[in-house]
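Written out below as structure tokens is the structure these notes cover.
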Amino acid sequence: MVLAVVALHAVVDVGQDRGVWGVPSFVVIPLLLVPVIYGAMSYGLVGALGPALVGAVLLAPTELWLAHSPAQLWAGWGNIAAVVSFALILGDRFELTRSTIVEHTQRRVRVREERRFQLAFDNNLSAMALVNDQGAFERVNRAMCDLVGYDEADLLSMRLSELTHPDEAVLDSLDFSVPTSPGREVTRLICRDGRTISAEVVATRVSDELEVDGASVVSIRDLTEERTLTARLVDLALHDALTGLANRSLLRDRMAQASARVSRDGGRVVLYLIDLDNFKDVNDTLGHAAGDELLIGVANRLRETTREVDTICRLGGDEFIVLVMGATDDDPIVMAERLLGLFVEPFDVTGQSVIQGASIGVVFCAAPSASNCDDLVRDADIALYEAKRRGRGQIVVYSPVMSTTSNERFQLGQELALAAERDQLDMYFQPIVELATGRVAAFEALMRWRHPERGFVPPDLFIPIAEQSELIVQLGAFALERATRAAAQWQRDGRAWQVGVNLSVRQMGDATLLATIDSSLEAAALAATSLVVEITEGIAIADVDAAIATIDQLRQRGIAIVLDDFGTGYSSLAYLARLRPSTIKIDRSFVSAATVNQTDRNVLSAVVTLCRQLRMLVLAEGVETSEELELLVGLGVDLAQGFLFSPAVPASEVPAVVARIEGSLMVNDRV
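Counting along the sequence shown from 1, when you hit position 258 you're at 971 in our numbering, and nothing is skipped either side.
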């Protein structure tokens, strides 16, 4: 615009040789004023003077180079001066106006921001306060009053430090000087009613635009419930939910502490693994609630017996661990006996007196740590297994030899699980002789394991291993299938011998037992009366009601029941009356004792008489000598089996064995 005005003025001056009067001033001045006014409105004084001075500088040469009269010179320079003066006046006015508008706008923004801050502050659900540099409250919201229990007027007369717990850092010392880095403190505050709460206090310097000099916004968040929940979760993660005892995770931590203490003070760490004997009976008889009450009672007695530095852990189920630190050589056994003594007195469970026994495995360690915690528990478990193998209520101290045995037992268990698939298992049959006639009346089916490397594995080695797991159920099904198939073949050959199959405690508790027996009989096309089931007193003792229910269903099918190992357990007449077996099998140790001791002979005679009265047959097992046979015949025992007649043989050898026994002069002479 300025360049256009200058160019127009110069062309006219040169062409007409008349100076500035060639273009009237009222034309030049408005033309120059257009950029001046625009600049003033946009940029104020600087914007107005800029175009005016540029125009003056560019117009000056035309006024100096060309010939002008004095009047023309005065008029030209007057025009320039008028434009510059007008630019000064107009720019100043617009500068003042623009400043006023900006200030007004900024004031409105501040008011709006203050209102927003006030609304956010007063209506915030978090406890908030405006605190000056001396820590005194200048403003508080309703949430703040509700949190600490003070009225607004009370808080405005207090300092933040007056709410701080005496044992905590003074909150006035927070650094509020850096607005972008809020001061933060987790502390405890005391409420008006005396409650102590855990709180997170965050203080932020108020922005200068809010015109609140020397103040900070303090936000307080109540952490009490959160910390209580966190502590509860930590407690649950480290303690047993039922008894409140330590769990395995906390036990590892205590192992590390025990290591440090033993290194410092000497001595050893002893781990006691306690397992309740026949705890399942309590759950099955009184219910799981009663079982839980019993576990709590055991935990309480353990707490009363141990020291604070010791650790009691519930490992799971009915197993407990006691970790004793700093034990000397004589202490471990004494402590084990003391722990076992806790079970002498009956427990009060749901108003009933319950006698509960326990077995204990003990392991020593001179340098325990969290890393070998599982190894110690494993060794204690091995010792506990040995304690249970020896009988209930035993204490066994771990030795490395036990690990070797345990590893072998584990390896045998793994191989036994595949033995049937690899055709390594077979059923052998031991004859049962009717003493009155000398004829074979039945056979007992006995499992044999022919290992490709170990040779024949004794049943008393692998059967207990199978009974520790569900494998015994699979082996039981295998025994039933092979035994019924063999008996069916004997019947097809014209010999109606019964076959006896042993049932374990696990099998009697298996819900599929009856279905397995039925399917085996059906597959072999064998009558149920040809099958004999042998059970021990231990099965009845484990759960007598369940055993009787199963036995009744077997008896309804026509299956005979033999009570095995009579004389080695409780030999309770009550069990005889309730189980009502068809035959009582007397253990070998009971028979052999009767040949050398008159008292044992009298007892055996009394058992035979009792069975006669109860209409039960008497079967003596383990007969090995003619002297024993003669005694049994004289006492009127009905049946006998043992090496004197024949060991167990494969099914293919049964006919030859029967021919030999029944044709033996020794047997015929006895009957």
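Every residue gets a Cβ at the ideal spot worked out from N, C-alpha and C, and that includes glycine. As the structure is a prediction and not an experimental result, all values here were calculated from the model.
Pull up the CB-CB distance for residue i and residue j, whole angstroms please, since I reckon it's below 8 Å.
i	j	result
V1218	A1158	Not a contact, Cβ separation roughly 18 Å.
P1045	F1077	7 Å
T900	T917	No, T900 and T917 are not in contact; Cβ-Cβ is about 17 Å, not under 8 Å.
R961	M1038	Not really, about 18 Å apart at Cβ, beyond 8 Å.
V1035	L1015	6 Å
F1060	L1007	6 Å
R872	G896	In fact, because the Cβ distance is near 16 Å, the residues do not count as touching under 8 Å.
S1305	E1341	7 Å
By Cβ distance below 7 Å, which residues in the same chain neighbour residue i in space, the five residues on each side in sequence not counted?
i	result
A1241	L1234, R1270, G1271 and I1272
I1264	I1274 and L1292
R905	V861, G862 and Y863
D1405	Outside the shown range of the chain (714 to 1384) lies residue 1405, about which nothing can therefore be said.
Can you give the Cα-Cα distance for residue i and residue j, rounded to whole angstroms?
i	j	result
S1359	G1074	41 Å
G1222	A1133	23 Å
V1385	S911	Nothing can be reported for residue 1385: it is not among the residues displayed for the chain, which extend from 714 to 1384.
L964	T909	33 Å
F1033	T941	28 Å
H952	A959	4 Å
T1018	L1052	8 Å
N1381	A1209	The predicted position of N1381 is uncertain, since its pLDDT is 49 and thus under 50; no value can be drawn from it.
A950	T1024	16 Å
D935	C1086	40 Å
V914	Y1111	56 Å
E881	D846	20 Å
A1093	L902	49 Å
A794	I802	12 Å
C1324	L1317	11 Å
S1365	A1201	13 Å
S1295	A1353	15 Å
G1376	L1188	35 Å
V1384	N1120	Confidence at V1384 is low in this model, with a pLDDT of 48, below 50, so the placement of that residue should be treated as unreliable; the coordinate-derived value is given next. The straight-line gap from Cα to Cα measures roughly 50 Å.
G1070	Q1107	10 Å
S890	Q819	Unreliable placement is indicated for S890, whose pLDDT of 47 sits below 50; no coordinate value is reported for it.
Would you mind reading off the limits of the alpha helix (DSSP H) that contains residue i?
i	result
I933	Not the alpha helix (DSSP H): I933 falls in the beta strand (DSSP E), residues A928 to D935.
F1191	L1184 to R1205
G1347	S1339 to L1348
E1235	L1226 to A1237
Q1266	V1257 to Q1269
S1302	R1301 to A1307
D1061	Per DSSP, D1061 belongs to no alpha helix (DSSP H); it is in the beta strand (DSSP E), F1060 to V1062.
E1134	Counting along the chain, E1134 falls outside any alpha helix (DSSP H), and DSSP gives it neither H nor E.
Is residue i helix, strand or coil when you go by DSSP?
i	result
D1277	strand
S870	coil
D994	helix
T900	strand
P1171	coil
A849	strand
Y1098	helix
S1365	helix
G1074	strand
H817	helix
D953	coil
L1332	strand
E1247	strand
L1352	strand
L1317	helix
Q1181	coil
By Cβ distance below 6 Å, which residues in the same chain neighbour residue i in space, the five residues on each side in sequence not counted?
i	result
D1277	E1247, T1249 and K1298
E1337	G1355, F1356 and L1357
A1154	I1145 and E1147
F992	D1031
Terminal residues of the continuous beta strand (DSSP E) containing residue i?
i	result
C1026	T1024 to G1029
G1213	Q1211 to N1215
S1066	Q1065 to V1067
T917	T909 to R918
A1154	R1152 to H1164
M841	A840 to N845
I1272	Premise fails: I1272 is in no beta strand (DSSP E) and is neither H nor E.
R981	R981 to L989
V1110	I1108 to V1110
Does the Cβ of residue i lie closer than 7 Å to at least one heavy atom of the ligand GTP?
i	result
I1248	You won't find the ligand GTP in this model; it holds no ligand whatsoever.
Leaving aside the five residues before and after residue i along the sequence, list all residues of the same chain whose C-beta is less than 8 Å from its C-beta, in chain order.
i	result
M841	F834, V853, N854, A856, M857, V930, V931, S932 and I933
S868	A quick correction: the sequence has Leu, not Ser, at residue 868. If we look at L868 and ignore the five residues flanking it on each side, its Cβ neighbours are A842, F850, V853, M857, C858 and V861.
V1321	V1331, L1348, G1349 and V1350
R1103	V1109
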